[in-house]
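Chains as they are written, first to last, in this note's numbering: chain A, 1 to 388; chain B, 1001 to 1087.
Single-structure report; data block below.
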Amino acid sequence: MSDEFTFEGWRRPDGRIGIRNHCLVLATVVCAAGVVREVGRRLPEVIAVEHPHGCGRGGPDIGLQLKTLAGLVQNPNIGGAILVGLGCEPVSVGLLSAVIGETGKPLKGIVIQEAGGSGKTADQVEAMAREMLAELAEMPRSPGTAADLTLALECGGSDTFSGMTANPAVGKAVDRLVAMGGTAILSETTEMIGALDPLLRRAENDEIAAQLKKMVDDQEAVTRKILGDFADRALAPGNVESGLSTIAEKSLGCIAKGGSTPIREVLAYAQRPSKQGLVVMDTPGYDAESMTGMAAAGAQMIAFTTGRGSPAGFPGVPVIKVSSSSEIYERMADDIDVDAGRVLSGMTLDDASEEILSLLLRVARGEKTKAELNRQDVFAIAQTHQAL
Amino acid sequence: MSVRAVRIDAGDNVAVVVADVEAGGRVRLDDESELTATQPVPRGNKVALTAIAPGEPVIRYGEEIGVATAGIAAGDHVHTHNLGGRK
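Here it is, written out as structure tokens:
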């Protein structure tokens, strides 16, 4: 398979390779959301990202926002970006550009207060985006292999079957991707509470084990502070309705999507992996924030398992949806790419993982996922403090 | 007619039923062993394979998912009413 796992992507100046070549129009602050939305309406081929961030927070969260937004621009699937700011915000076009640094990618910026308001800004951004799209269309392709890929792992709306079908099937696909030199990011620290022992057994060395333990213990303490005696049931109502009883039960099912290879590195939120193989990122269990952290770290695609059925996608990064049951697949066929529920009626996990791996390859070669076709883009940056 | 229940690890003392089971219904594991459900067990929920005393661990995936908060008999439905986290 490793000889056949090749695709034509776009090699970036930093050496990483994109499986898409998008023009990103990115708000630096919530106040630019309207302009970005308008440009996205006029030019559906751009990736228009707006968000509620960029102002109104203290230092640590502003730092996290800068790091994450910069990581999104640096993501290899982004061919070029236009930053849209307001003019008086801490996450300004100038500061964000400095954090992004030299990428060799086309990067432009515009400030609404200087450009003369939202209408004039939207017109100018539209013109810039048309020019950038034309420039990106001329960019040559370069060959890539599994070793160039970073796959983010996510689950949303877990059910009791997730840990028996979709997650272990993705886990086996991850094992094969890692064997071919690829990288996978397991995240969602909340969904590691109660599953620390099996994770520690897989840590590549004692230092990584200690980092994992601290990360999960800290998250458990936060969860207990917020939920008190309900912490053991840090579950969404849909989880419980499906038959999951405790956070440990949900977590043990969730970590199955990381497969069985050693954990080689523990990353902070939005931190780029420095090693190949399986790595763990400290993120909330909240899907949107977790996916954002992994995309900012450079993941070119996301494998997203779902029990209850989630339509979520991510801007610029294809999301492959794998259902844990055939019922959900059939009910939400427009949203889900692979039905791993067939494992309950006799399909082997190996066959399910083969199907997932071959879809990963097709997506790397340009096939659009259901979430891409539906433009199901969600984006949210994890925050540590309340708004000021 | 028996309903399939999946025991993931040989050490598990619960299994997950793949369809609704009535009280008195038969549950079949993949090793062909069977037991009788003492209570209705909805699809995707857990059925106890052995008796589990209060405070004893409930095992799925070969790992502890919590402890029994009430006495559980073989064939009982296991969920939030009789299974909680270890404090």
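For each residue, glycine too, the CB sits at the ideal point set by N, CA and C.
If you're wondering where the values come from, they're calculated on a predicted model, not measured in any experiment.
Enclosing beta strand (DSSP E) for residue i [first to last residue]
i, result
"M281(A)", "277-281"
"S323(A)", "319-323"
"A48(A)", "47-49"
"A81(A)", "78-85"
"T145(A)", "142-145"
"L149(A)", "Taken as a continuous stretch (DSSP letters only), L149(A) belongs to no beta strand (DSSP E), as it is neither H nor E."
"S1002(B)", "1002-1006"
"P108(A)", "First, the amino acid is wrong: residue 108(A) is Lys here, not Pro. 107-111 is the span of the beta strand (DSSP E), which, as asked, contains K108(A)."
"A303(A)", "301-306"
"R272(A)", "That residue, R272(A), is in no beta strand (DSSP E); it is neither H nor E in DSSP."
"R11(A)", "6-11"
Limits of the unbroken alpha helix (DSSP H) element including residue i
i, result
"T223(A)", "206-227"
"E126(A)", "118-137"
"M294(A)", "287-296"
"S345(A)", "From DSSP, S345(A) is part of no alpha helix (DSSP H); its letter is neither H nor E."
"S242(A)", "237-242"
"T261(A)", "Premise fails: T261(A) is in no alpha helix (DSSP H) and is neither H nor E."
"C88(A)", "Looking at the DSSP string, C88(A) is not in any alpha helix (DSSP H), and its letter there is neither H nor E."
"C23(A)", "Element bounds for C23(A): not the alpha helix (DSSP H) but the beta strand (DSSP E), 22-27."
"V39(A)", "33-42"
"A371(A)", "370-373"
"T68(A)", "59-74"
Residues that residue i contacts on chain B, provided the C-beta gap is smaller than 8 Å
i, result
"D159(A)", "G1044"
"L197(A)", "In the sequence as displayed, the identity of residue 197(A) is Asp instead of Leu. Neighbours of D197(A) on chain B, chain order: E1063."
"A248(A)", "E1063, E1064, I1065, G1066, G1085"
"G15(A)", "Going along chain B, no residue has its Cβ under 8 Å from G15(A), so there is no contact; the nearest lies around 39 Å."
"G243(A)", "V1016, P1042, R1043, G1044, N1045, K1046, H1079"
"L252(A)", "R1060, Y1061, E1063, I1065"
"V322(A)", "Under the 8 Å cutoff, chain B gives no residues; its nearest Cβ is about 17 Å from V322(A)."
Supposed close pair residue i, residue j - CB separation, criterion 8 Å
i, j, result
"R1060(B)", "L252(A)", "7 Å"
"T160(A)", "G243(A)", "4 Å"
"A1048(B)", "G1075(B)", "6 Å"
"D118(A)", "I110(A)", "The sequence given here has Ser at residue 118(A), not Asp. 11 Å between Cβ atoms; not a contact."
"V216(A)", "L196(A)", "5 Å"
"A295(A)", "A179(A)", "Actually they do not touch by this definition, with Cβ atoms about 24 Å apart."
"V1021(B)", "L344(A)", "With a Cβ gap of about 15 Å, V1021(B) and L344(A) do not count as contacting."
"N1013(B)", "T1050(B)", "5 Å"
"G313(A)", "A371(A)", "3 Å"
"N77(A)", "G316(A)", "5 Å"
"A70(A)", "I100(A)", "5 Å"
"L64(A)", "Y269(A)", "7 Å"
"G156(A)", "S310(A)", "4 Å"
"T223(A)", "I193(A)", "6 Å"
Alpha-carbon to alpha-carbon, residue j and residue i
i, j, result
"H53(A)", "L83(A)", "14 Å"
"K120(A)", "R375(A)", "26 Å"
"G259(A)", "A173(A)", "8 Å"
"E1056(B)", "L361(A)", "46 Å"
"D206(A)", "L149(A)", "27 Å"
"V170(A)", "G87(A)", "44 Å"
"T145(A)", "S274(A)", "18 Å"
"E126(A)", "D61(A)", "30 Å"
"P44(A)", "V35(A)", "14 Å"
"L1035(B)", "S325(A)", "25 Å"
"S353(A)", "I336(A)", "15 Å"
"L24(A)", "M139(A)", "16 Å"
"L95(A)", "I226(A)", "34 Å"
"I19(A)", "G163(A)", "29 Å"
"H51(A)", "E131(A)", "25 Å"
"M347(A)", "L1029(B)", "17 Å"
"V1003(B)", "K321(A)", "28 Å"
"E102(A)", "T1069(B)", "58 Å"
"L399(A)", "T183(A)", "As displayed, chain A neither begins before 1 nor continues past 388, which places residue 399(A) out of reach and without an answer."
"R12(A)", "A1015(B)", "49 Å"
"V166(A)", "D339(A)", "A small fix is needed here, since residue 166(A) is Ala in this sequence, not Val. Answer to the nearest angstrom: the Cα atoms are 8 Å apart."
"P262(A)", "M281(A)", "14 Å"
"G298(A)", "G1024(B)", "53 Å"
"G443(A)", "A303(A)", "Because chain A here runs from 1 to 388, residue 443(A) falls outside it and cannot be looked at."
"E204(A)", "T68(A)", "27 Å"
Beta-carbon neighbours of residue i, restricted to chain A and to distances below 7 Å
i, result
"I1008(B)", "M164"
"V1021(B)", "Those do not exist, as V1021(B) stays about 12 Å from chain A at its closest Cβ, beyond 7 Å."
Where residue i meets chain A, residues with beta-carbon distance less than 9 Å
i, result
"V1027(B)", "Correct list: empty, because the minimum Cβ distance to chain A is about 14 Å."
Contacts that residue i makes with chain B (C-beta to C-beta distance below 7 Å)
i, result
"V222(A)", "In chain order: nothing, as chain B lies at least about 16 Å away."
"L344(A)", "V1018"
"V363(A)", "What V363(A) touches in chain B: nothing, since even the nearest Cβ is about 29 Å away."
Contacts of residue i in chain A (Cβ-Cβ under 8 Å)
i, result
"T1069(B)", "The premise fails here: T1069(B) is roughly 10 Å from chain A at the closest Cβ pair, so nothing lies under 8 Å."
Listed by chain order, chain B residues near residue i by CB distance under 9 Å
i, result
"V240(A)", "H1079, T1080"
(message) Please give me, in chain order, every unbroken run of the beta strand (DSSP E) with length at least 3 that falls completely inside the segment 1021-1066 of chain B.
(response) 1026-1028, 1034-1036, 1046-1048, 1057-1060
(message) Threshold first: 4 residues or longer. Then list the alpha helix (DSSP H) segments lying entirely within the segment 149-186 of chain A, N to C.
(response) 166-179
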